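Visitor: Quick one: structure below, then a few questions.
Numbering (my numbering), first residue to last: 23 to 295.
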């Protein structure tokens with residue numbers, strides 16, 4: 023009996039998993055080869071490990087039958103909460119944790135850890151209902167509000183880091199618009215890179231009003247996340263003191279474009295097959 027199906031959505035998540043795994047493996051190798059390991063590098067690798075696991079769960083979720091799918095779905099939000107916790111701390115530690123932002127970083131850390139604890143205990147509660155009573159419990163919609171808050175705060179955290187990294191006595195807008203040092207430019211790049219993810223929510227609204235099709239939305243989601251991951255990793259590699267080889271950058275761009283093309287092919291051929 024077949025229990026796994028390679029749907030277009032599953033193919034999209036699979037290519038995201040491949041790219042995320044490749045980026046994570048590259049940075050782990052980079053950590054091993056370095057003598058000094060910055061805190062933001064360790065946080066970034068932890069975040070990418072969590073993202074890789076999360077995307078892998080999404081792939082299994084999209085390709086599994088309803089019954090085994092439940093065991094996968096219950097884990098997703100807990101893993102996503104862990105990824106967001108690490109990402110937000112990476113934002114506050116990049117390029118360094120400034121004294122003026124330590125208190126805010128601690129508050130955000132406690133809030134994100136509390137959210138992680140909530141998602142973890144609720145996942146265990148849902149598992150206990152499923153195993154012992156055969157009851158399928160739905161996650162409350164209110165939990166998504168906290169998730170949306172953390173997603174919205176991520177580019178803002180990078181935005182404030184970019185301003186804090188520039189010590190010139192000028193207006194904050196000029197600091198963000200024309201950053202002078204490498205740390206400020208890197209934080210600004212991360213803030214701008216995460217903004218396009220918000221445009222996907224606009225695409226989702228257009229889908230709700232039948233302006234675009236579900237296939238177009240899903241293809242946009244797969245392509246958007248794929249490009250964001252590549253730009254995010256590229257921006258960080260440009261920040262590092264040692265330069266990434268031109269061949270390495272070309273290989274990364276080629277891999278991203280190839281995977282993006284494979285993901286779009288799945289949505290293109292499905293209506294005919």
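Quick reminder that beta carbons are idealized off the backbone N, C-alpha and C, glycines included. Bear in mind that the values here come from a model prediction, so they are computed numbers and not experimental data.
Given residue 52, which residues of its chain have a CB within under 6 Å of its CB, disregarding the five upstream and five downstream residues?
Guide: Closer than 6 Å at Cβ, skipping near neighbours: no residue.
Visitor: Determine the contact status of residue 107 and residue 89, defining contact as a CB-CB distance below 7 Å.
Guide: Their beta carbons are not under 7 Å apart, which means residue 107 does not touch residue 89 by this criterion.
Visitor: Between the Cα of residue 68 and the Cα atoms of 172, 260, 113 and 126, which residue gives the shortest distance?
Guide: Residue 68 has its Cα closest to that of 113, out of 172, 260, 113 and 126.
Visitor: Give the straight-line distance between the Cα atoms of residue 125 and residue 87, rounded to the nearest whole angstrom.
Guide: Between residue 125 and residue 87, the C-alpha separation is close to 46 Å.
Visitor: Between the alpha carbons of residue 141 and residue 99, how many angstroms are there, rounded?
Guide: When rounded, the distance between both Cα atoms is 6 Å.
Visitor: Pick out the complete alpha helix (DSSP H) segments inside the stretch 84-163, 4 residues or longer, and give them in chain order.
Guide: Correct list: 88-115 and 124-155.
Visitor: Report buried or exposed for residue 122, applying the criterion of at least 16 other Cβ atoms within 10 angstroms of its Cβ.
Guide: So residue 122 counts as exposed.
Visitor: Can you tell me the Cα-Cα spacing of residue 177 and residue 212, whole angstroms?
Guide: Going from the Cα of residue 177 to the Cα of residue 212 covers about 7 Å.
Visitor: Output yes or no for whether 7 Å exceeds the beta carbon distance between residue 201 and residue 190.
Guide: Cβ atoms of residue 201 and residue 190: not closer than 7 Å.
Visitor: If you draw a straight line from the alpha carbon of residue 29 to that of residue 38, how long is it in whole angstroms?
Guide: Whole-angstrom Cα-Cα distance: 14 Å.
Visitor: Nearest CA to the CA of residue 156: which residue from 93, 195 and 136?
Guide: Nearest option by C-alpha distance: 93.
Visitor: How is the alpha helix (DSSP H) around residue 185 delimited, first residue to last?
Guide: Looking at the DSSP string, the run of the alpha helix (DSSP H) that includes residue 185 is 165-187.
Visitor: What does the alpha-carbon distance come out to for the pair residue 12 and residue 91?
Guide: The structure shown has nothing for residue 12, since the chain only spans 23 to 295.
Visitor: Taking DSSP as the reference, what is the three-state secondary structure of residue 218?
Guide: Of the three classes helix, strand and coil, the one that applies to residue 218 here is helix, per DSSP.
Visitor: So which of 192, 251 and 205 has the shortest CA-CA distance to residue 118?
Guide: Comparing Cα-Cα distances from residue 118 to each of 192, 251 and 205, the minimum goes to 205.
Visitor: Where does residue 202 fall in DSSP's three states?
Guide: Coil.
Visitor: Mapping DSSP to helix, strand and coil, what is residue 67?
Guide: Residue state, collapsed to three classes: helix.
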